[in-house]
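Our numbering puts the first residue of the sequence shown at 1061, with every later residue one more than the last.
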Amino acid sequence: MALAVGLSSLAGFVDATGFLELHGTFISFMSGNSTQLAVALSRGEAGIIAGLATIIGLFMFGVFIGTLAGHFSYPAYRTITVMGLVTGLIGAGWLCQLAGVPLAAIACLTLAMGAENAVFQRRGDVVVGVTYMTGTLVKVSQKLAIAVTGGDRWAWGPWLVLWGGLILGGIAGATAYRYVGLGGIAVAVVWAAVLTVYAWLFRAAIHDSLQFDVDSADKVGRG
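#1: Can you give me the start and stop residues for the alpha helix (DSSP H) that Asp1075 sits inside?
#2: Under a three-way DSSP split, which group does Ile1140 fall into?
#3: Report all residues from its chain with a CB closer than 6 Å to the CB of Ala1203; omit the five preceding and five following residues, and keep chain order.
#4: Quick test of your reading: Gly1078 and Ile1166, contact by CB under 8 Å. State the CB separation rounded to the nearest angstrom.
#5: Could you tell me which of Ala1110, Ala1062 and Gln1181 sits nearest to Tyr1134, measuring between CA atoms?
#6: Counting pairs of Cβ atoms below 8 Å between the region 1067 to 1082 and the region 1223 to 1235, do you hit three or more?
#7: CB-CB under 7 Å to Gly1111, same chain, minus the five flanking residues each way: which ones, in chain order?
#8: How about Val1065 and Leu1222: do their beta carbons lie closer than 8 Å?
#9: If you drop the 5 nearest sequence neighbours on each side, which residues of the same chain put their C-beta closer than 7 Å to that of Gly1130?
Spelled out as structure tokens, the structure:
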């Protein structure tokens, strides 16, 4: 759970940075971009269409390479492998920013956000999405409904914390951007590196808890 919250916070930080740099385009929330793309298509706004399609494509490719990285790694090291990829991509974005190529930096960050969704996977399927929160808020409401009908009273709490992590990360990212612009990517690099080290130190526990969480999620889905 700690790693998931850390990753959602990282996603909030990076997405807020990209959102401000691109003046309203998300780099981790593709539902919002898809709606914007639909509006742009209806208006025939070619430039906006191209930009949004590029971001969506980069995000999808990030998920693709993240999933492959996890697939070809030893199961107990799958999380660490994908985390290493995410950290490397954010680091590449920081280097692009230092080189004065902001669009390349955003491209790297978008790839990283896609890959981040492959951190928690089982048999190639994403177990916990950490860059989009619609499903998480649905879980909060479902768990609250279960609580008031005699079920687990506090099962909604972890999902709410996951959402809160994204919010706090977004606040931090927006604040950093206000003062240093894309220079705030440096914070994201350190953040991702710390999470990667955490994943390494607690790799066995994370692997075991992931299997448990998947089984629990399957039961809830059938309930």
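Just so it is clear, CB atoms sit at the ideal spot from N, CA and C, and this is done for glycine as well.
Straight from the coordinates:
#1: Ala1062 to Glu1081
#2: helix
#3: Position check: residue 1203 holds Lys in this sequence, whereas Ala was assumed. Contacts found: Ala1215 and Trp1216.
#4: 6 Å
#5: Gln1181
#6: yes
#7: Thr1085
#8: yes
#9: Arg1138, Thr1141, Val1142, Ala1178 and Gln1181
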